[in-house]
Structures are given as structure tokens and as C-alpha cells.
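Q:
Residue numbers (this note's numbering): 406 to 565.
#1: Rounded to whole angstroms, what's the CA-CA distance from residue 456 to residue 438? Just pull it up for me.
#2: When you compare only the Cα positions, how much space is there between residue 505 and residue 542?
#3: Could you check the C-alpha separation between residue 358 and residue 430 for me, to the nearest Å?
#4: Bridge partners for residue 539 per DSSP, in chain order?
#5: Pull up the distance between the alpha-carbon of residue 529 and that of residue 510, whole angstroms please.
#6: Along the chain, where does the alpha helix (DSSP H) that runs through residue 518 open and close?
#7: Label residue 420 either buried or exposed according to how many other C-beta atoms from any shown protein chain fall within 10 Å of its C-beta, with 16 as the threshold for buried.
#8: Rounded to the nearest angstrom, how far is the Cβ of residue 413 from that of residue 482, given a contact under 8 Å?
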């Protein structure tokens, strides 16, 4: 794993850096693939974060969110030192038990949920998993069930 310098660029509202070709090839070899999302760990000026390397518009990009840039004191246009390596840790997210129970209680919603693309299922599970209060969790589980039954929008998505 090498240290490389890169300038933070932006596409739309998303800051990112390009990785040197040599680093990309090393990551592809470590990951055993050169397609799809590649889970990585990275440092920006010594501050470590988990991230996912993705290919967008024909180019592999390492996106840098606000906490990453803030920790390093960097913004778009700045140059920083980076290290990136393949992340073998388990990144799976467990479904909240209350959501599992709600799907059992609403078999039609469960049927729709299991027919959704894996990315959409993950989006719902992740959203519910990060809620902080019991009230918010229960309110949003009910909204998710109504969404799956085609009764309302959820997480900015139209009915499935």
C-alpha cells in the first residue's frame, strides 16, 4: 500500500479523488475483481475511514464525504495524501428485529420487499437501522410497510 497525493475534485455535489492506475490495479488484485463496488479503507492525511471505491461515468472514484474532509481540514481543490487498501471486514447490516416482525405480520409487504433489488432492500434496512429513537423507528417501520403495500412514498422513493 502506497501513499499518493491527489487533488480533491467534484462532480455534481460529490467530492472525490482519482486513484493512480498502479493503486487501482493493486486494489483490483486484492479484491479479486475489477467490476462493481470495492470496499476499501482509506486515509486522508492520516485520518482513517471506511469507504467504497465505485466506477461512475467510466472512471473509478473515491468519494470523500464531509466528515472525511473535515477531519483532514480539506475541501474541493485542495491536495491531500491518501492511502487506500481493500477492506475484508464484514459490512453486512442486520435487519432490525422489529422490521422483521412487521414483515411477518404483513406477508404482502414481505413479498414485495423480497422482490425489490438487493440495493433497495439494503437502503430500507440501513435507513431503519440508523434511527435513534424508538418512536422514530416504529413510525418509520409503519411507513416502510405502507410503502411496500403501495400506499405511500418512503425514503424519497415512489411506490414499488
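Even glycine gets a Cβ: it sits at the ideal position worked out from N, Cα and C.
A: The answer reads as follows:
#1: 17 Å
#2: 13 Å
#3: A question about residue 358 goes unanswered here, because the residues of the chain that appear run from 406 up to 565.
#4: Answer is none; residue 539 lacks a bridge partner.
#5: 17 Å
#6: 512 to 520
#7: buried
#8: 7 Å
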